[in-house]
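**Student:** First the structure, which I've put down as structure tokens, then a few questions once you've had a look.
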Amino acid sequence: MSASPGTERDRKRVVEPGVTARSVTAHVSDLVLERRTPLWWWVGFGLSFGLFGLFLVAVGWLFIRGVGIWGIDWPIAWGFAIANYVWWVGMASGGTLISALFFLTRSDWRSATSRIAETMTVFCVACAGIMPVIHLGRWWYFYWLFPYPNTMALWPQFRSPLHWDFVAILVYVAGSLLFWYVGLLPDLATLRDRARRRWQRVLYGLLALGWQGSSQHWCQFRMLYGLFAALMAPLVCSIHSIVGLDFAGGLTPGWHETQFPPYFVFGAALSGFAVVLMLVIPLRRALELTGVITLRHIDVLARLMLTASLLLSYCYLIEVFMPFYRGEQREITVVTSLLTGYYAPWYWAKIVLNGVLPQILWVRVLRLNRPLLFLVALGVVVGMWIERYVIVVGSLHRNHSESSWFVFVPTVWDWATLAGSVGLFLTGFFLALRFIPMVSMFELRELLHKKKAEGGR
Amino acid sequence: MTGPEELGWRIQGGLAGQSGRALWRSLDELSREPAVLEILRAEFPGMPDLADARVGRRRLLELMGASFALAGLSGCGPGEEVDKAIPYVTMPSGLVPGVARHFATAVTRGGYADGVLAIHQMGRPVQLEGNPDHPASLGALDPIIQASILDLYDPDRSRTVLHAGRASSTNGMVKALVDRLPALAARGGDGLRLLTGTVTSPTLARQIAALKQHFPAMQWHRWEADGRDTVRAGSVLAFGRPVDTVLHLDHAKMILTVESDFLDSAPGHLRYARDFARRRRAAEDGRPEEMSRLYAVESSPTLAGARADHRFAVRPDEVEAVVRALAAELGAGPAEWRQGAPGWLGAIARDLSANRGAALVHAGPAQPPAVHALVHAINDALGAPGQTVSHIEPVEADPVDHAQSIKGLVADMAAGRVDTLLILGANPVFTAPADLDFAAALGKVPLSVHLGTAPDETAVLCTWHVPEAHELERWGDARAFDGTVTIQQPQVQPLWGGWSPQELLAVLDGETRPDGYSIVRQSWMERLQGKGDAAELWADTLRMGVVPDSAAAPVSVSLLPGLADRLPPAATQPNGTLTALFRPDPWLRDGRYANLGWLQELPRPFTTLTWDNALLIAPATAQRLDLKNEDVVEVHTASGRLRAPVWLLPGHAPDCVTLPFGFGRRIVGRVGRDVGFDAFQLRTSGNLWQQPGVELRKTGESHRLAATQHHQMIDSPDVVRHATLDEFHQNPGFAKRKEPQQSLYPDYDYPRNAWGMAINLNACIGCNACTAACQGENNIAVVGKEEVLRNRQMHWIRIDTWYEGGAAAPEQTLFQPMTCMHCENAPCEVVCPVAATMHDADGLNVMVYNRCVGTRFCSNNCPYKVRRFNYFNYSGDDNRLSMSWNPDVSVRARGVMEKCTYCIQRIRNARIAADRENRPIRDGEVKTACQQACPAEAIVFGDLNDPDSAVSRRKASPLDYGVLTELNTRPRTTYEARLRNPNPELQEV
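Protein chains in written order, with UniProt numbering: chain A, 1 to 457; chain B, 1 to 989.
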């Protein structure tokens with residue numbers, strides 16, 4: 001479907017005409033409560049579950065044998081697991097940015113997409129949280145990173161970026177989960193009230209935590225949700241800054257860069273918007289949500305992705321410029337090696353996918369071409385993984401000690417873990433599709449009410 | 001009648017409430033009953049060997065007060081029992097758990113002894129160190145001797161006598177031999193042959209001489225695949241008689257080596273390395289005029305070449321021409337030899353003759369006899385004898401030409417003239433020249449007895465195979481490069497039974513229960529008797545590890561006239577053809593060490609290859625033939641063909657390739673199986689060291705080679721600094737860099753000790769002894785080829801190799817040992833989230849294995865890349881016996897990081913000793929394992945708080961510099977920059 005030019009008003013429309021509070025509630029809750037599970041869901045879920053099985057096998061073998069099954073070597077002691085971690089946690093930012101940051105800005109396009117984005121965040125964070133744990137040589141002691149009181153009076157090394165990272169991810173996991181759940185409460189209560197089957201009534205009744213919709217509930221809900229949003233919006237910046245410090249805190253050339261914290265925030269935002277687009281584009285068709293997720297949403301998300309891509313491209317420029325500006329020989333070595341060496345194909349792939357291709361979104365017609373946009377977003381998601389891979393591996397392979405220069409060659413288990421983590425994410429997301437309303441019904445009702453009031457004026 | 005049940009009861013009865021020593025006594029007593037022996041044999045084929053009485057051994061143990069009791073206990077069980085710990089019921093007196101004891105003995109390499117001290121923990125040897133009193137060691141040890149402790153505990157060693165490949169009994173073997181004796185005696189020993197490697201053992205020599213009296217027609221053959229035939233032949237050519245030449249490098253100012261092995265493997269190389277290094281360090285000690293200058297002419301790179309101030313990579317056929325020309329220049333040969341001499345030779349000749357009496361020339365065993373004879377002539381012309389070299393009686397007993405010897409043996413075997421063949425510790429089926437076909441000839445010998453420590457190619461083809469007691473398990477004696485004798489004393493009861501060669505020979509003398517102890521003692525008691533209390537002298541000798549005044553007497557020889565006419569014609573090589581050079585692998589030698597994981601995984605100098613040999617070729621020649629690293633080529637010679645992977649080696653001479661032998665063992669333990677290619681297949685008796693007319697054919701296949709260093713940069717980086725002597729004079733602080741040393745944090749105070757290390761690049765010869773010593777001391781796991789291919793080797797100290805000046809003829813080969821620098825501002829420490837690595841009170845950067853969770857950030861953040869990670873459970877997967885690990889050092893499990901600790905266990909032992917005596921730790925009291933093993937004294941360790949300590953003095957040198965100090969790591973380990981002493985005349989050219 002090509003974009004209809006329409007008027008300025010049409011372009012900004014976040015709800016199609018004819019959508020009412022009643023129709024939104026009926027449609028969205030029926031998707032969960034009444035609708036027969038569609039075939040595409042079974043196919044998608046089956047494939048995802050298969051990949052998830054692969055993940056279990058890969059991690060099981062990892063637990064039996066040790067991290068040696070991966071391609072990590074010496075001097076490249078970090079590999080896919082860390083790249084995967086940064087990738088997943090970066091994509092998770094999409095949900096938080098949309099639901100927290102744009103809640104604070106009171107953007108009207110946020111309401112219809114926030115649930116999809118937040119659900120995505122929850123499962124991305126789950127994937128991200130697993131990676132640093134299985135990456136450990138002795139994963140069963142991962143809790144030693146936490147400053148818990150113990151008889152040996154041993155504390156973590158508070159100067160270590162990995163400790164900051166552990167704390168950051170812990171807070172982020174907890175925060176995202178609670179934010180998501182709190183935002184779900186009124187809708188869970190709606191489902192409880194509309195459910196006809198007993199198991200649904202019990203399930204949603206328990207989950208709704210006794211939500212009555214009283215004005216006191218709403219009052220407290222508003223306050224809590226606002227607080228959460230005010231907390232999560234800076235948190236999404238801090239976690240990616242700290243992820244950046246995981247690298248910048250080391251003195252490996254190519255990592256030791258002051259620009260890494262914002263660099264990682266921009267990268268996270270880019271991949272976050274891209275993955276939201278990748279979910280929204282097919283889901284608005286599959287779930288028949290075109291009435292509430294309009295071209296306006298697509299347009300906004302695409303513009304955001306473009307913005308993030310420009311910010312990140314600036315970082316890419318700085319990354320190449322600074323070593324030469326400083327004249328640090330070892331950093332120049334890393335950069336020239338990235339531009340021309342063993343990892344050059346990866347490096348240029350990241351430049352093209354993250355920096356060059358998104359530039360077509362300057363053109364509105366292309367921006368609203370959903371299949372094309374989907375492909376660009378997919379390119380960005382892949383490109384962002386490549387970016388992290390290049391940062392992790394490319395820098396280590398040109399370290400300070402020339403005699404130990406070597407390359408990283410991934411094994412089948414590296415790929416299995418990566419593919420398996422995608423399976424873990426999709427499995428979770430498909431289950432959420434089936435059991436959780438994918439559009440925030442109460443927010444849309446509120447939005448429609450507001451629009452109606454505005455229209456009436 | 002004694003039934004099995006009763007036997008069991010009696011053994012148990014013997015054990016109950018008894019110490020290990022008593023256990024032996026009861027087994028001995030049991031074993032003397034024939035009925036018991038029969039039952040034992042039926043139940044456990046290997047048991048009767050174990051039950052053999054060794055009364056003499058016990059008497060010695062009492063005399064020494066040495067406690068082998070636990071060794072007896074742990075070593076006495078048959079087979080698998082060995083690695084089960086059995087606690088003491090009653091503690092033997094004099095043994096303190098956790099306190100090491102040292103016992104002197106010697107381990108031979110190619111027949112020549114290196115004196116060692118075996119370090120015992122709880123009664124078992126766990127490590128070898130050099131014996132400082134031994135002239136060939138002076139406290140240092142090379143990797144091969146160090147690995148012999150691993151050989152001792154090798155679970156793949158022979159455990160039972162084999163008859164036609166099946167388990168049999170010792171008595172059967174003895175009977176087979178003894179039954180043959182009357183017939184042999186009747187024929188005067190005709191048909192009786194002995195085959196050994198190089199023998200320096202006076203006892204063996206005495207026994208063989210005695211046997212020859214009984215059996216006048218008996219013949220003694222020798223075959224040492226990497227032997228020194230050419231050296232011997234050269235001295236015969238020059239002097240008319242065999243002599244051994246000992247170098248006095250401490251007196252040598254000008255040295256020319258001709259593919260010399262004096263730093264790699266020559267008998268006495270450890271000593272030579274020390275003498276050489278001392279002269280090289282003279283300049284930094286304020287005596288620049290004493291610094292020696294080294295020229296090297298060679299085809300295949302040697303360590304000496306790497307240390308040379310001027311190195312010339314020369315085609316093998318041109319080497320002899322160069323030596324002839326030099327002889328002519330120095331008046332030791334006819335003037336026409338000068339024709340076609342390279343331009344640089346004149347300067348060398350002038351330099352050498354200007355230093356008459358302080359110059360020497362040395363050639364390696366791969367050079368033809370003519371070169372050795374010429375070298376003798378040149379040395380004579382340089383006034384070297386008596387100054388820088390001395391000639392002594394040959395150390396080898398009854399020296400013969402090995403190639404002729406084995407040729408004669410095989411001819412006789414094939415002709416059916418050999419009916420009893422004893423092979424003592426040799427593996428000729430694998431190592432003998434390929435054209436002889438030893439295996440086929442062996443099939444025609446009715447009775448062949450092979451004595452060897454492990455089943456090998458020869459063992460399975462002989463009618464009998466007898467397990468040989470390891471050198472650390474038996475009595476024996478051996479001579480060092482200068483003739484000094486060491487009496488070898490057993491460090492442990494034979495783990496799997498086993499005979500010494502002396503004992504097996506005694507069987508030919510009609511002894512059915514020979515006792516190695518009395519055989520060896522007999523050789524020496526006569527000598528000692530005249531000098532006082534013989535028993536006391538004997539004990540002293542054993543304690544010292546050296547028989548006093550046993551060095552060979554210098555002999556006065558003079559050059560026979562007319563050498564020029566007697567020289568065989570020099571080999572020639574038509575242009576455009578290739579010559580193959582056969583050289584022993586530096587660690588596996590003739591293949592006998594193939595089952596030792598430490599040696600398989602120890603990087604070879606220059607190539608850093610592990611777990612493989614490769615056809616070594618000059619980069620230019622490889623380019624001409626369109627070959628690159630890891631290409632598999634088929635090597636065609638007149639005698640056969642072979643497939644081998646290619647490795648490009650900077651500094652290799654053009655138009656020739658080196659084929660290292662010792663790999664490709666076919667019948668060997670688990671470690672050495674399917675490793676490398678067997679270059680012996682192409683080595684023929686006529687062309688033992690070089691084979692002209694070789695053709696390489698590309699196969700299009702490739703074979704992955706596990707090198708440990710992948711970037712051997714031409715133009716070395718700033719981490720390894722060097723200058724010429726002149727540059728040093730002009731700017732003594734050339735190695736220093738101005739670096740800001742700032743920190744937000746205040747300095748820590750280390751009031752007690754501040755340990756530090758200095759590594760002298762001027763001394764380092766790149767021999768890898770430190771790497772091997774560290775591996776043994778610190779229980780470093782062997783990871784195998786697949787893991788090395790992934791670059792996961794575990795060595796805590798590595799030798800980085802750098803070249804300078806072009807791949808074809810690098811002007812410089814630089815070695816730099818790299819290990820944990822114990823930085824004051826250690827980058828690893830701040831990034832570890834669980835604080836598993838941190839500084840201790842003495843300023844060591846310690847690694848707490850128990851706390852490590854394996855984030856590996858420390859390794860990423862280490863600029864020196866000296867941290868090693870247990871990606872798998874390497875130590876657990878190792879098949880070495882648990883009793884062979886060093887009990888002072890934790891064995892690391894999967895998932896933890898490890899690295900150099902400055903041998904913290906040694907520091908702690910010294911600390912305990914010092915605290916008990918209420919004194920500070922003395923300088924030199926703590927020696928790290930790498931320092932201990934280093935033959936060149938390159939590594940010095942000690943307390944930086946003490947301004948007079950050896951390490952503080954070294955660090956005060958203007959040459960001292962730290963690596964990567966611009967990162968403000970403030971390393972505790974620093975280096976002294978290397979100095980070169982080039983000839984100004986040649987520099988201008």
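Quick reminder that beta carbons are idealized off the backbone N, C-alpha and C, glycines included. Bear in mind that the values here come from a model prediction, so they are computed numbers and not experimental data.
Buried or exposed, going by whether 16 or more other CB atoms sit within 10 Å of the CB of residue 15 of chain A?
**Tutor:** The residue is buried, with at least 16 neighbouring Cβ atoms inside 10 Å.
**Student:** Residues of chain B with a CB under 9 Å from the CB of residue 243 of chain A: which are they?
**Tutor:** Within chain B, no residue comes near residue 243 of chain A; the closest Cβ sits about 14 Å away, beyond 9 Å.
**Student:** Please list, in chain order, the residues of the stretch 393 to 404 of chain A that have any C-beta partner in chain B closer than 7 Å.
**Tutor:** So the list reads 396, 399, 400, 401, 402, 403 and 404, given in the order they occur along the chain.
**Student:** If you reduce the DSSP assignment to three classes, tell me which class residue 522 of chain B lands in.
**Tutor:** Reduced to three states, the DSSP call for residue 522 of chain B is helix.
**Student:** If you drop the 5 nearest sequence neighbours on each side, which residues of the same chain put their C-beta closer than 8 Å to that of residue 277 of chain A?
**Tutor:** Once the five neighbours on either side are set aside, the close Cβ partners of residue 277 of chain A are 298, 301, 302, 305, 373, 374 and 377.
**Student:** Going by Cα to Cα distance, which pick from A/448, A/127 and A/62 is closest to residue 292 of chain A?
**Tutor:** When only C-alpha atoms are compared, the closest one is A/448.
**Student:** Judging by CA-CA distance, which residue of B/902, B/898 and B/570 is the nearest neighbour of residue 870 of chain B?
**Tutor:** It is B/898.
**Student:** With DSSP run on the structure shown, which of helix, strand or coil describes residue 1001 of chain B?
**Tutor:** This structure does not reach residue 1001 of chain B, given that chain B is present from 1 up to 989, and the question cannot be answered.
**Student:** Distance, Cα to Cα, residue 573 of chain B vs residue 461 of chain B?
**Tutor:** The straight-line gap from Cα to Cα measures roughly 39 Å.
**Student:** Please report how far the alpha carbon of residue 324 of chain A lies from the alpha carbon of residue 352 of chain A, in whole angstroms.
**Tutor:** The straight-line gap from Cα to Cα measures roughly 22 Å.
**Student:** Could you please give the first and the last residue of the uninterrupted alpha helix (DSSP H) stretch that includes residue 693 of chain B?
**Tutor:** Per DSSP, residue 693 of chain B belongs to no alpha helix (DSSP H); it is in the beta strand (DSSP E), 690 to 702.
**Student:** For my contact list, residue 134 of chain B and residue 486 of chain B are in at a C-beta cut-off of 8 Å; report their separation, rounded to the angstrom.
**Tutor:** Going by Cβ atoms, the distance from residue 134 of chain B to residue 486 of chain B rounds to 7 Å, so yes, they are a contact pair.
**Student:** In terms of residue numbering, what span does the alpha helix (DSSP H) encompassing residue 477 of chain B cover?
**Tutor:** That residue, residue 477 of chain B, is in no alpha helix (DSSP H); its beta strand (DSSP E) goes 476 to 479.
**Student:** Using 9 Å as the limit for Cβ to Cβ distance, is residue 800 of chain B near chain A?
**Tutor:** Interface residue, yes.
**Student:** For the stretch 820 to 831 of chain B, enumerate the residues whose C-beta is nearer than 8 Å to any C-beta of chain A, in chain order.
**Tutor:** Per Cβ criterion, the list reads 827, 829, 830 and 831.
**Student:** Mind checking if residue 1046 of chain B is an interface residue toward chain A, Cβ cutoff 9 Å exclusive?
**Tutor:** A query on residue 1046 of chain B cannot be resolved here, the shown segment of chain B reaching from 1 to 989 and no further.
**Student:** Cα-Cα, which of B/922, B/914 and B/201 is closest to residue 399 of chain B?
**Tutor:** Comparing Cα positions, the closest option is B/201.
**Student:** From the DSSP secondary-structure annotation, give me the bridge partner or partners of residue 656 of chain B.
**Tutor:** For residue 656 of chain B, which the question treats as bridged, DSSP gives the partners B/579.
**Student:** For residue 736 of chain B, which residues of its own chain have a beta-carbon under 7 Å away from its beta-carbon, when the five flanking residues on both sides are left out?
**Tutor:** Excluding sequence neighbours, residue 736 of chain B sits near 961.
**Student:** Would residue 73 of chain A pass as an interface residue toward chain B - the criterion being a Cβ-Cβ separation below 9 Å?
**Tutor:** Cβ-Cβ to chain B under 9 Å: yes for residue 73 of chain A.
**Student:** May I ask you to list the residues that DSSP assigns as paired with residue 868 of chain B?
**Tutor:** DSSP lists B/898 as partners of residue 868 of chain B.
**Student:** Need the endpoints of the beta strand (DSSP E) that residue 942 of chain B sits in, please.
**Tutor:** Segment 939 to 943, the beta strand (DSSP E) holding residue 942 of chain B.
**Student:** Should residue 77 of chain A be flagged as near chain B, meaning a C-beta pair shorter than 9 Å?
**Tutor:** It does: the Cβ of residue 77 of chain A has a partner Cβ on chain B nearer than 9 Å.
**Student:** Can you grab the Cα-Cα spacing for the pair residue 1008 of chain B / residue 425 of chain B, in whole Å?
**Tutor:** As shown, chain B starts at 1 and ends at 989. That puts residue 1008 of chain B outside it, with no answer to give.
**Student:** Pairs of beta-carbons, one from the stretch 413 to 420 of chain B and one from the stretch 618 to 625 of chain B, closer than 8 Å: are there three or more?
**Tutor:** Too few Cβ pairs lie closer than 8 Å, so no.
**Student:** In its own chain, which residues sit with a C-beta less than 7 Å from the C-beta of residue 265 of chain A, not counting the 5 before and 5 after it?
**Tutor:** If we look at residue 265 of chain A and ignore the five residues flanking it on each side, its Cβ neighbours are 237, 240 and 241.
**Student:** Any idea if residue 258 of chain A is buried or exposed, counting beta-carbon neighbours within 10 angstroms, 16 or more meaning buried?
**Tutor:** By the neighbour-count rule (16 or more Cβ atoms within 10 Å), residue 258 of chain A is not buried but exposed.
**Student:** Which residues, in order along the stretch 110 to 132 of chain A, keep a beta-carbon less than 9 Å from a beta-carbon of chain B?
**Tutor:** Cβ contacts with chain B come from 132.
**Student:** When the distance is taken between beta carbons, is residue 122 of chain A closer than 9 Å to residue 439 of chain A?
**Tutor:** No, they are not a contact pair.
**Student:** What do you reckon, are the CB atoms on residue 191 of chain A and residue 208 of chain A nearer than 9 Å?
**Tutor:** Taking 9 Å as the Cβ cut-off, residue 191 of chain A and residue 208 of chain A qualify as a contacting pair.
**Student:** Which residue marks the beginning of the alpha helix (DSSP H) containing residue 534 of chain B, and which one marks its end?
**Tutor:** That run of the alpha helix (DSSP H) goes 534 to 544.
**Student:** Quick check on residue 297 of chain B: does DSSP put it in helix, strand or coil?
**Tutor:** Three-state DSSP puts residue 297 of chain B in a strand.
**Student:** Looking only at its chain, what residues have a beta carbon closer than 6 Å to the beta carbon of residue 888 of chain B, apart from the 5 residues adjacent to it on each side?
**Tutor:** Here the set comprises 905.
**Student:** Residues of chain A with a CB under 8 Å from the CB of residue 706 of chain B: which are they?
**Tutor:** Near residue 706 of chain B there are no residues of chain A at all, since even the closest Cβ is about 12 Å away, more than 8 Å.
**Student:** For the alpha helix (DSSP H) holding residue 448 of chain B, just list the boundary residues, first then last.
**Tutor:** Note, residue 448 of chain B: premise wrong, no alpha helix (DSSP H); beta strand (DSSP E) at 447 to 452.
**Student:** Within the 9 Å Cβ cut-off, does residue 17 of chain A reach chain B?
**Tutor:** Judged by the 9 Å Cβ criterion, residue 17 of chain A is not in contact with chain B.
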